[in-house]
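Asks: Take this structure, written in C-alpha cells, and hold onto it; I'll ask about it next.
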Amino acid sequence: MIVATHLSRRFGPLLAVDDLSFQIEAGEVVGFLGPNGAGKTTTLRILAGFLPATSGSASVAGFDVLRQSMEVRKRIGYLAESVPLYGEHRVEEMLDFQGRLHGMSRADRRRRVPEVLERVGVLDRRRQLVGHLSRGLRQRVGLATALLPDPEVLILDEPTSGLDPLQRIEVRRLIADLAGEHTLIVSSHILPEIEAVCPRVLILSRGRLAADGSREELVRTLGGGSRVRVELASGAARGGPGLPGAADRLRAIPGVERLRERDAVEGVLAFDLDCEVDLRPAVGELARREGWTLRELSWREATLEELFARIALELDEELPQESTEAAASPEADA
Amino acid sequence: MRGLGTIWRRELAGLFVAPLAWVLLAVAFALNGWIFVAILKERNGDLITALRFMGGESLTYWAFMCFLPPLLTMRLISEESRNGMLEFLLTAPVSDGAVVLGKFLAAWSFMGLFWSANLVYAAALHALGAPPDWPPVLGGYLGALLVSGLFCAIGLLTSAATSTPALAAFLALVGNTLILLLPQLAGLFDAAWLHEEVAAVDVISHFQRSFLVGVLDTKSLAFFVAWTGFFLFLASRSVEAKRWR
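Protein sequences, first through last, are from chains A and B.
Anchor point for the first sequence: position 309 equals 309 in the numbering used here, and the numbering is continuous, going up by one each time.
The number in the numbering used here is simply the position in the second sequence, starting from 1, with 1000 added.
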C-alpha cells in the first residue's frame, strides 16, 4: 500500500529525512516514533503529497506521490499536527467543504457527514462554530474531516498533541477503532501513544530509520535490555570476609552477556546481569551452592522505551526504574 | 478545474464573515455616495460628468483601486500558510492553480460588488427619469473589473511570496502605485523609446481611452487579461515553491 524508497528531504543545510526506506501493507497500523525533529512530520508530509522529496521516491496505493499526487490525495485522509480547520465554519460546514473538495456528491455528503461526526462523537456539536470548540473537540472534528472521504490510508500526525490525559485516551480509543478499516499511520514522540495503538513501530532518529518491527520483535532483536538483578548480603557489614569472587562466579553463568556492579548500601553487593533469557533459576542455584544470602533476585524484560531511548536519544544506560515503568504503561499518563 | 468553485465560494463567504469586508464596503460606499452627490451639486446636475468622475477620473477612484485589492488579498495565502490551512488545501485533491484561482475569484467578486455602486447610481437615475449614457457606465464597470483583477492578482502574488499579511499588503500597495505612476516615473528620463514602451503598459491610459468612453477595445482587454494571468501564474508558482523551501 505504501512504499518509500531511499527517501530524503533537505531544508537548506538541514537533512530532515535521510535515505528512508520502508513498506506498509494494506490494513496495517503503523506508528512513527521519534523525538522532536526526527523527521516524522516531514515524512508524513511527503506521503501526503504536500512536500516533495529531495531524492528517492514514495508511492501510495501504487501511485507516485510526486508524479501522481492527485491520485494519492484522493486516497488519503491527512490530519496535520496543527489540526487546520476554518474557525468561522460550523462543524458540519467544515466537513461539507472537505466533501466538496473531494468531489463527493450532495447525497454522499448528506449521508457521510453525520456518520463520521457520530463516529468521532461530535454529532451533537455539528452546528457549533469550529473556532469555539475546545482543543480535544477540534481534534475530533479534524479526525472526522480526514475520515470523511473514507480514505484507504489515514495519516495522523501527532493526533494527541496538546490534549489532556482524558482526551488522549479518547483519541487513542478512536484510533484503535479505526484500525482494520484503513491503513493507518500515526506519528508521535510519546511512546505510550504508539504502544497503545500500533502493532508495528518505525523509530526515526535524525531523519533515519533506526528500527522497524513489532514491539516484541524490536525488543527481541534490538533489545539487549533484559536483565537479572541480584543483591547479595555480603557479610562485610557484620565484620565478615565479604564475598570475594562473587562477581566472577555470576559472570561465568552460561547466558550472561555482561555483568555490571551497582552501587548499594553497605553490606550489600548488587549486580545486573544482562541476558536474553531469564537466568533466575541458575543464579538461585549458584547462591544456594555458595551459601550466599539473597536480598533480591528479579527479572526485568527490556522495554520499548529503553530501546527507544537508546536508539533515538543515543543513550546506552538504563533509564531509572520508576520512569521506565511509568512511561511503559499505556495509561500511565492518564 | 476541480475544487475551484468550492474554494471560491468558501473564500467569498470567508471575506464576508470577517468584519474587514463590511467595514471596507461601508466606508467606500459612504465615501462614494458623498462624493457623487457633491459632484452632482457642483456641476449643476451634470450626470455624465459625475458618473465619469466616479467611474475612473477621480483620485478617490484610483486610491480605492490601489488600496482595496491588497487589503482583500493580503491574508488569503500568507495567513493560511502560517496557520496550516494551506497544508489542508494542498493535501486535498485540488491543484495549486485551483487554490490560487479560487482565492483570486473571491477577491475579484468582492471588487465586482464594490464597483457595482456606480451601476446602482446609474440605475437609480434611470429609474428616476434621467437615463445616463449607458455604454460608458457599463464600459467603466468592465474596466474597473479588469483593473481590479490585475491588482488582485498582484496582491495574491505578494500574499503567496511572503509570510505576513501586513508585508503582503504593503508590497502589493507599492506595486500597484508603481504601476499607476509608471508614466510619471518614465517622464523623469529623457528617453523617447522609454516613453513609448511605458505608454504601451500604462494601465490608466488603457482604461480611460477604452472602457471609460464606452468602447470595448480588444487590445486593452487582452492587455489586462494577459497581465492578470501572468501574475496569477507567478502566484501559483510561488505557492508551489513553498513546498520546496
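All C-beta atoms, glycine included, are put in the ideal place defined by N, C-alpha and C.
Whose Cβ in chain B lies nearer than 8 Å to the Cβ of H374/A?
Replies: Outside the displayed range of chain A (1 to 334) lies residue 374/A, so it cannot be described from this structure.
Asks: By DSSP, does D108/A sit in helix, in strand, or in coil?
Replies: Within the first sequence, the letter at position 108 stands for residue 108/A. Correct three-state label for D108/A: helix.
Asks: Checking the sheet assignment: what are the DSSP bridge partners for I185/A?
Replies: As a position in the first sequence, residue 185/A is number 185, starting the count at 1. In the DSSP output, where bridge partners are listed per residue, I185/A has V30/A, I155/A.
Asks: Nearest-angstrom Cα distance between E318/A and E193/A?
Replies: Here the question's residue 318/A lines up with position 318 in the first sequence. Here the question's residue 193/A lines up with position 193 in the first sequence. Caution applies to E318/A, whose pLDDT of 44 falls short of 50 and renders its modelled position unreliable; the model cannot decide the point.
Asks: How is the beta strand (DSSP E) around A61/A delimited, first residue to last?
Replies: If you number the first sequence from 1, residue 61/A lands on position 61. Segment: none, A61/A is in no beta strand (DSSP E) and carries neither H nor E.
Asks: Please report the distance separating the alpha-carbon of I76/A from that of L154/A.
Replies: Here residue 76/A refers to the residue found at position 76 of the first sequence. Here residue 154/A refers to the residue found at position 154 of the first sequence. If I take the Cα positions, the gap works out to 6 Å.
Asks: Does any CB atom of chain A fall closer than 8 Å to the CB of T1164/B?
Replies: Your numbering for residue 1164/B matches position 164 in the second sequence. No - not a single Cβ of chain A is within 8 Å of the one on T1164/B.
Asks: Could you give the residue range of the alpha helix (DSSP H) that holds L178/A?
Replies: If you number the first sequence from 1, residue 178/A lands on position 178. Residues 165–178.
Asks: Which residue from L1232/B, F1088/B, G1140/B puts its Cα closest to that of V1100/B?
Replies: One-based indexing of the second sequence puts residue 1100/B at position 100. Measuring from the Cα of V1100/B, the nearest candidate turns out to be L1232/B.
Asks: Three-state secondary structure (DSSP) at I118/A?
Replies: Taking the first residue of the first sequence as 1, we reach residue 118/A at position 118. Checking the sequence shown, residue 118/A turns out to be Glu, not Ile. In the structure shown, E118/A sits in a helix (DSSP, three-state: H, G or I).
Asks: Going by the CB atoms, is the gap between G1102/B and L1004/B shorter than 8 Å?
Replies: On the second sequence, position 4 is the one that residue 1004/B refers to. On the second sequence, position 102 is the one that residue 1102/B refers to. Taking 8 Å as the Cβ cut-off, L1004/B and G1102/B qualify as a contacting pair.
Asks: Note the first and the last residue of the continuous alpha helix (DSSP H) segment covering H1195/B.
Replies: Here residue 1195/B refers to the residue found at position 195 of the second sequence. 1192–1200 is the extent of the alpha helix (DSSP H) around H1195/B.
Asks: Just reading off the beta strand (DSSP E) that R73/A is part of, what are its end residues?
Replies: Residue numbering aside, residue 73/A sits at position 73 when the first sequence is read from its first letter. Where R73/A is concerned, there is no enclosing beta strand (DSSP E), although the alpha helix (DSSP H) it sits in stretches over 69–75.
Asks: Hey, is P1019/B's beta-carbon within less than 8 Å of any beta-carbon in chain A?
Replies: Your numbering for residue 1019/B matches position 19 in the second sequence. No, no contact with chain A.
Asks: Between which residues of its own chain and E1057/B is the CB-CB distance below 8 Å, once the five residues before and five after are set aside?
Replies: To locate residue 1057/B, count along the second sequence from 1; it is residue 57. Only Q1208, L1212 meet the Cβ criterion.
Asks: Relative to the C-alpha of V1094/B, which candidate in A1063/B, S1236/B, W1244/B has its C-alpha closest?
Replies: Taking the second sequence and counting its residues from 1, one reaches residue 1094/B at position 94. Of the listed residues, the one whose Cα sits closest to V1094/B is S1236/B.
Asks: Taking 8 Å as the threshold (beta carbon to beta carbon), is W1244/B in contact with chain A?
Replies: Position 244 of the second sequence, counted from the first residue, corresponds to residue 1244/B. Interface residue, yes.
Asks: Below 7 Å between beta carbons is the criterion; list the residues of the segment 51–79 of chain A that meet it against any residue of chain B, in chain order.
Replies: The segment 51–79 of chain A vs chain B, Cβ under 7 Å: L51, P52, M70, R73, K74, Y78.
Asks: Please report the straight-line C-alpha distance between D1096/B and Y86/A, rounded to a whole angstrom.
Replies: For the purposes of this step, residue 1096/B is taken as residue 96 along the second sequence, with counting starting at 1. For the purposes of this step, residue 86/A is taken as residue 86 along the first sequence, with counting starting at 1. If you take the alpha carbons of D1096/B and Y86/A, they lie about 19 Å apart.
Asks: At 7 Å on the CB atoms, spell out the chain B contacts of R100/A, in chain order.
Replies: As a position in the first sequence, residue 100/A is number 100, starting the count at 1. Under the 7 Å cutoff, chain B gives T1006.
Asks: Counting only beta-carbon atoms, is M1085/B nearer than 8 Å to chain A?
Replies: Position 85 of the second sequence, counting from 1, holds the residue named residue 1085/B. It does; some Cβ of chain A falls within 8 Å.
Asks: From D333/A to V30/A, what distance separates their C-alpha atoms?
Replies: Residue numbering aside, residue 333/A sits at position 333 when the first sequence is read from its first letter. Residue numbering aside, residue 30/A sits at position 30 when the first sequence is read from its first letter. Reliability of the predicted coordinates at D333/A is poor, the pLDDT of 35 falling under 50, and no value is obtained from them.
Asks: Would you tell me roughly how many angstroms separate the C-alpha atoms of A246/A and R295/A, rounded to the nearest one?
Replies: Walking along the first sequence from the start, residue 246/A turns up at place 246. Walking along the first sequence from the start, residue 295/A turns up at place 295. Cα-Cα distance, rounded: 14 Å.
Asks: Hey, could you find the ends of the beta strand (DSSP E) R262/A is sitting in?
Replies: One-based indexing of the first sequence puts residue 262/A at position 262. Run containing R262/A: 258–262, per the beta strand (DSSP E) assignment.
Asks: Whole-angstrom Cβ separation of L232/A and L243/A, contact assumed at under 8 Å?
Replies: The residue you call residue 232/A lines up with position 232 of the first sequence. The residue you call residue 243/A lines up with position 243 of the first sequence. Right, their Cβ atoms sit about 6 Å apart.
Asks: If the cut is a Cβ gap below 8 Å, which residues of chain A does G1014/B touch?
Replies: Counting from one through the second sequence, the residue named residue 1014/B turns up at place 14. Ordered by position in chain A, the residues that pass the 8 Å Cβ test against G1014/B are Y86, E88.
Asks: Relative to the C-alpha of A252/A, which candidate in G267/A, E266/A, V283/A, V17/A has its C-alpha closest?
Replies: The residue given as residue 252/A occupies position 252 in the first sequence. Comparing Cα-Cα distances from A252/A to each of G267/A, E266/A, V283/A, V17/A, the minimum goes to V283/A.
Asks: Out of I203/A, P199/A, R227/A, L7/A, which has the shortest C-alpha to C-alpha gap to E216/A?
Replies: Counted from its first residue, the first sequence places residue 216/A at position 216. Checked all of I203/A, P199/A, R227/A, L7/A; the closest Cα to E216/A is P199/A.
Asks: I'd like to check one pair, I311/A with A210/A: are the Cβ atoms closer than 8 Å?
Replies: In the first sequence, counting from the first residue as 1, residue 210/A sits at position 210. In the first sequence, counting from the first residue as 1, residue 311/A sits at position 311. Contact: yes.
Asks: Less than 8 Å separating the beta-carbons of I1204/B and G1175/B?
Replies: In the second sequence, counting from the first residue as 1, residue 1204/B sits at position 204. In the second sequence, counting from the first residue as 1, residue 1175/B sits at position 175. No.
Asks: Can you tell me where the beta strand (DSSP E) holding F22/A begins and where it ends?
Replies: Here residue 22/A is taken as the residue at index 22 of the first sequence, counted from 1. Looking at the DSSP string, the run of the beta strand (DSSP E) that includes F22/A is 14–24.
Asks: How is the beta strand (DSSP E) around I352/A delimited, first residue to last?
Replies: Outside the shown range of chain A, which is 1 to 334, sits residue 352/A, and nothing can be said about it.
Asks: Please check the pair A48/A and T1091/B, which I expect to be a contact at CB under 8 Å, by giving their CB distance rounded to whole angstroms.
Replies: Walking along the first sequence from the start, residue 48/A turns up at place 48. Walking along the second sequence from the start, residue 1091/B turns up at place 91. Yes, A48/A and T1091/B are in contact; Cβ-Cβ is about 5 Å, under 8 Å.
Asks: Below 6 Å CB to CB, which residues in the same chain sit around F1224/B once its five sequence neighbours on both sides are set aside?
Replies: Residue mapping note: residue 1224/B aligns to position 224 of the second sequence, counting from 1. Excluding residues within five positions, the ones whose Cβ falls inside 6 Å are L1146, L1150.
Asks: Just to confirm, are R1251/B and F97/A a CB contact at a threshold of 8 Å?
Replies: For residue 1251/B there is no data in the structure shown, the boundaries of chain B being 1001 and 1245.
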